[in-house]
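*Asks:* Each protein sequence line maps, in turn, to chains A, B and C.
Just so we're aligned, residue -10 is where the first sequence starts under this note's numbering, counting upward by one.
Just so we're aligned, residue 11 is where the second sequence starts under this note's numbering, counting upward by one.
Just so we're aligned, residue -15 is where the third sequence starts under this note's numbering, counting upward by one.
Glycine included, C-beta positions come from ideal geometry on N, C-alpha and C.
This is the structure I want to talk about, given as structure tokens.
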Amino acid sequence: MSRTPFIVRFLGATPKQGWIAIAIAAAITLVLLPALHLLVPASSPFHVSAYVITLVGKIMCYAIVAVAMDLIWGYTGILSLGHGVFFALGGYAFGMYLMRQIGRDGSYQSDLPDFMVFLDWKALPWYWTGSDSFLWSLLLVLVVPALVALVFGFFAFRSRIKGVYFSIITQALTFAAMLFFFRNETGFGGNNGFTDFKRILGHSITAPEMRVTLFALTAAMLLGTLVLGRYLVTSKFGRVLAAIRDAESRVMFIGYNPLHYKLFIWTLSALLCGIAGALYVPQVGIINPGEMSPANSIEIAIWVAVGGRATLVGPVLGAFIVNLAKSFFTVAFPEYWLFFLGALFVVVTLWLPDGVVGLWRKLRNKGVAA
Amino acid sequence: MRHFFFALLMLCLSLAAHAALDPAAVRQLAAEESDDKIAAIQKLALTAEPDALALLQQLADGTLKDENGEDITINNRVRRELDGALAVLKLIDPDTKVRYKAVKEIATNVDAGMAPMLARARDRETEPKIRALLIEVHALATLKDADPQIRLAAAKALATSADPNTKALLKAQSEPANETEVDVRRAAFQSYLAVKDRLTLAETLGRIFSGLSLGSILLLAALGLAITYGVMGVINMAHGELLMIGAYATYGMQGLFRAHFPAHEDWYLLAAVPVAFFAAAAVGILLERTVIRWLYGRALETLLATWGLSLMLIQAARVIFGAQNVEVANPEWMSGGLEILPSIVLPLNRIVIVGFALFVLVLVWVLMNRTRLGMFVRAVTQNRGMAGCVGVPTGRIDTVAFALGAGIAGLGGVALSQIANVGPDMGQGYIVDSFMVVVLGGVGQLAGAVWAALGLGIVTKFIESWAGAVIAKIVVLVFIIMFIQKRPQGLFALKGRFVES
Amino acid sequence: MTAHTIDREQAWEDSTSIGHPLVQGEVDLSHNVILYLDNVTVSFDGFRALNALSLNIDAGELRCIIGPNGAGKTTMMDVITGKTRADRGKLFFGQTIDLRRMTEAEIAHAGIGRKFQKPTVFENLSVFENLELSMKMDKRARVSLFAWLDDDARDKVADTLRLIRLDGEAGRPAGLLSHGQKQWLEIGMLLMQDPKLLLLDEPVAGMTDDETARTGELFKSLAGKHSLVVVEHDMAFIEQLGGVVTVLHEGSVLAEGDLATVQNDQRVIEVYLGR
């Protein structure tokens, strides 16, 4: 038994039905939808429009964030109200590269991004060094959110800040970060952030092929995140996380150091958010400090709660349900969207503590019993 | 008509002649050349006679005619000169308020040519406060005089000033490049130091006051939370919206008074205090009864549910009052300021808010520590089961305590309506700040909240003075985050084995 | 910050008074003492929960601690396990391990296990998983990520399950157990840790007489190989255990000896038994 290769154990953590579902999802997102978008003419009723591809791609980015949130909140019991920071940091890190790829095609035909010309800056600030390199940007996407999370988490968890305290402090973190990025002097475009992207690796960002590529990458990332998450939560590591959620002091008294466990899952969660942010920015074409607003971060929690905490697949469903509803409402009844979202928060916490996945399980069990 | 005005002019002139106005100068006002007009204006102004003021005022108003009954026209250059002369002549107005205003006005734009006239006004002045100002302004006008003795006297006289411009002038006068006489330089330098010290003190006092004022606002925003979160442990993310309700209640009362009691409009604010309290408390009861009640002991769920409630309240405000900010005016008795030094004016509305914060604080303290309700609330929060056993109606106490916290938030909203924008989103800006105050002060500690709010206010204002508002806010947030690492229980911590960290 | 410097000073003084330098490491039982408290004081806002408490537990001993409420029994356990820091005094595990400088997890690793007054088990994990997590093994996060439960470990869990009579409940979430079963599960978790010293805070509260008797048998069988410190109010249970009894009062030791001796001690009767 102990000789089972790691890769077998890693993949074996996801049960057979899980793999079937993943295969179906992969077939749809990696083959079917791209094909329907690229190959079927726009006049055909089977054509999938750019709008749908972008919308689903965007929601899949949110779904990655939701799964990352589920790892830290659902499985470890730590509610972060600041995950928007990590998402936005990943987005900004990749956004810097996208800004540099604009080259001289901006409104001022300058080598500098437009907003710097507008501020009358003569050279790039030092932290933009290397931002024209794709690989360097990918490195930043992986390192910056994770590093911020690691440092913040280390201090917070070391002083045993827990529960609501931790939530409120993370909210202050994202609030402070938002104010910081709103400043023009910070060097990330202030209010307006980054937009008007043109190219990735020299290829047009608006080309259908690029759209489909980003879409497929996001889908693959989401499915990969689910497999990784499944392994983590079924490993001994995951059981220790659940134990921390139930009774942290007991975990310490049987010889585990919760700091390391929390710090690892917290940093990993931030890293996943950063990647999601980097995939999100080229698809929606904009990143600004609004992504760091406390309201955005707290909305992530509702995706997880709607789908069902500690279920991994639930948060994906939740992200889709809430964001599709948002797309629908903001077009059809814009003035009712906040009522709906607000009511959703209340209804889910009062009557649906386990989300739609929990509801489905309950109904299924009833069905079996009957 | 023409003749009438002409006659009026002649009358004026004759009166002026009696009052020893130089008729030549009066006639010269109608001269063709602007330079001549200006010379005449200056000459008349120097007389410092009330009649000269009347005459020049007519000229400024465009009602003065020449001997042929033609309007005397003036160009901008003349008008500028005329305005200066009018200001100077107001120095002899019988009304002390007018004189005071005039001397303040002249102080911002003093000219060497005004010196003789300022000296005359200074010698006539009997009001000590205005006289002191006149001495100063006269000194400013003579600081560049040709006579070293006069310059010396001026430099010495300016030691009592509290004006940043005077400070700069004195500094310049103490440099060899601008002043040949060593005595004058020494006097100017000594006066400069005196002014500098006075200004530093004034700035510090001003900053402490604006810090106190910000602290009072933070305290008003956070006091309600200190009850709902601090004492009851309910994480109410809709707290900011309760502030908003208080502010809109104030807006409503303003409208009501405008429509029905326009004569007493200024007193709408007093009426708004109880209305805001009960409006917010009523919404608080609604929230507690429908949602929060079912989530006691589940802090994270409460947080999410109340966030949802806050979104609905924001949208409701948008639907009812519109998405735009509404205008709430300061009552007359709250506008203006209290001048404690020439360079610092304390706005009255801020002073009123500091006082109001104190009032609310005392109210909360008395309610929590001196009433049966307060005792019940504390009993329930310390040991719910035991309190229930000795007959405290725990459920009703929860509702009342929450309503109280909400009502206090409504009072905070009244204060906010006087200094900040009133709009559907206004509450969102205060929720992080309010929580920071409560967390920094130590949960459940009223005294902690007070110190935390005032401390945060003053620290923010001092950082703002050299780093700007946004950086100050970020620095303060980072400071709180770091502080909580060190002392997770806040400034005023409970200790012992009953505290579960 | 200052606490650290004082600690170091104190450590140096301690080492000179004992006669050989102190290094952290294996439990040194050369003087047959497993736990050594000297002059330990803990105050909360002026209230002295422990007042110059001195206590020696011998290796392999089964010690019972009694005392009225607020005597400092739970605080004593908190101090030993690192949950609360002592303001003053010495606190050694064996001859060489200074407990005052260690975290909760380090203390647990060194070989001190604790059962809380209120049974705390991981309610959402199964009984099996509760025991599995408690098992003595490398408990670092990076190891847990790749840990794999081998057959030996499964056997060990199965043995303990039988011992605590929960072998039929292995798959149930621990939160669904009865109060007595939770007590047993927590004792089982303690045994899985294989500690040298067990601290048990009211282990038989909420158990039936039968369960209490079996717990007593279990504890007696553990003594010798392990050292046990049992805090209890149940005099019959203490009588069954039969070890040395220490009476705590107002944060320090009031009396010590076998049960009969302390029960006849006039001061003890006054503060505790007489009531």
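(1) List the residues of chain B whose Cβ lies closer than 9 Å to the Cβ of A360(A), in chain order.
(2) Mark Q438(B) as exposed unless 16 or more other C-beta atoms lie within 10 angstroms of its C-beta, in which case mark it buried.
(3) Using beta carbons (cut-off 7 Å, strictly below), is S118(C) in contact with chain A?
(4) Nearest chain A C-beta to L235(B) closer than 7 Å, yes or no?
(5) Taking the straight line between their C-alpha atoms, what separation do you get for G241(C) and P52(C)?
(6) Cα-Cα, which of N359(B), T238(B), Q325(B) and I330(B) is closest to T312(B)?
(7) Over the uninterrupted alpha helix (DSSP H) stretch that includes T223(A), give me the two end residues.
(8) Got a sec? Which residues, its chain only, sit under 7 Å from K471(B) by beta carbon, not counting five neighbours each side?
(9) Report the CB separation of V240(A) from V229(A) in whole angstroms; it is logged as a contact under 8 Å.
(10) Measure the C-alpha to C-alpha separation of G331(A) and Y261(B) and round it to an integer number of angstroms.
(11) Find the residues of chain A that neighbour G471(B), judging by a C-beta separation of less than 9 Å, and give them in chain order.
(12) Is it buried or exposed, S122(A), if we count other Cβ atoms within 10 angstroms and call 16 or more buried?
(13) Following the continuous alpha helix (DSSP H) through I302(B), name the residue where it begins and the one where it ends.
(14) What residue ranges within the region 340 to 407 of chain B form continuous alpha helix (DSSP H) runs of no fewer than 4 residues, ordered along the chain?
(15) Within 10 Å of its beta-carbon, does S193(A) have 16 or more other beta-carbons around it, so buried, or fewer, so exposed?
(16) Does the Cβ of I494(B) have 16 or more other Cβ atoms within 10 Å, making it buried, or fewer, making it exposed?
(17) Using a beta-carbon distance cut-off of less than 9 Å, what residues from the region 63 to 93 of chain A approach chain C?
(18) Please name the residue or residues paired with N40(C) in a DSSP beta bridge.
(19) Just the Cα atoms here: how many angstroms apart are A244(C) and R251(C)?
(20) Note down, in chain order, every chain B residue with its Cβ under 7 Å from the Cβ of R172(A).
(21) With a threshold of 7 Å between beta-carbons, can F28(C) be considered close to chain A, or not?
(22) Out of P158(B), T136(B), A163(B) and D157(B), which has the shortest C-alpha to C-alpha gap to E146(B)?
(23) Give every residue of the same chain whose Cβ lies closer than 6 Å to the Cβ of A2(A), excluding the five residues on either side of it in the sequence, and list them in chain order.
(24) Tell me the DSSP secondary structure of E135(B) in three-state form.
(25) If I follow the unbroken alpha helix (DSSP H) through I51(B), where does it start and stop?
(26) Can you give me the C-alpha to C-alpha distance between V293(A) and A10(A), rounded to a whole angstrom?
(27) Which residue comes first and which comes last in the alpha helix (DSSP H) that contains H233(C)?
(28) How should C399(B) be labelled, buried or exposed, when 16 other C-beta atoms within 10 angstroms of its C-beta is the threshold for buried?
(29) State yes or no: is the C-beta of V447(B) within less than 7 Å of the C-beta of A463(B)?
(30) With DSSP as the reference, identify every bridge partner of F76(C), one or two as the case may be.
(31) So, is the C-beta of I243(A) closer than 7 Å to a C-beta in chain C?
(32) Using a Cβ-Cβ cut-off of 7 Å, state whether E311(B) counts as contacting chain A.
(33) To the nearest angstrom, report how far apart A172(B) and A479(B) are at their CA atoms.
(34) Which bits of chain A does N40(C) rub up against, with CB to CB less than 7 Å?
(35) Would you be able to state if there are at least three C-beta pairs under 8 Å between the region 149 to 159 of chain A and the region 263 to 275 of chain A?
(36) Using beta carbons (cut-off 7 Å, strictly below), is S128(C) in contact with chain A?
*Replies:* Short version:
(1) Lying outside -10 to 359, the shown extent of chain A, residue 360(A) is not represented and no answer is given.
(2) buried
(3) yes
(4) no
(5) 17 Å
(6) T238(B)
(7) P197 to T223
(8) R217, S220, G221 and L224
(9) 7 Å
(10) 25 Å
(11) Rather than Gly, the amino acid found at residue 471(B) in this sequence is Lys. Simply none; closest approach about 17 Å.
(12) exposed
(13) Note, I302(B): premise wrong, no alpha helix (DSSP H); not H, not E.
(14) 358 to 380, 382 to 392 and 394 to 399
(15) exposed
(16) buried
(17) none
(18) Y20(C)
(19) 14 Å
(20) V480
(21) no
(22) A163(B)
(23) R219, Y220 and T223
(24) coil
(25) S44 to T57
(26) 20 Å
(27) Careful: H233(C) lies outside any alpha helix (DSSP H), inside the beta strand (DSSP E) at V228 to H233.
(28) exposed
(29) yes
(30) Y20(C) and D82(C)
(31) yes
(32) yes
(33) 26 Å
(34) None at all; the shortest Cβ gap to chain A is about 23 Å.
(35) no
(36) yes
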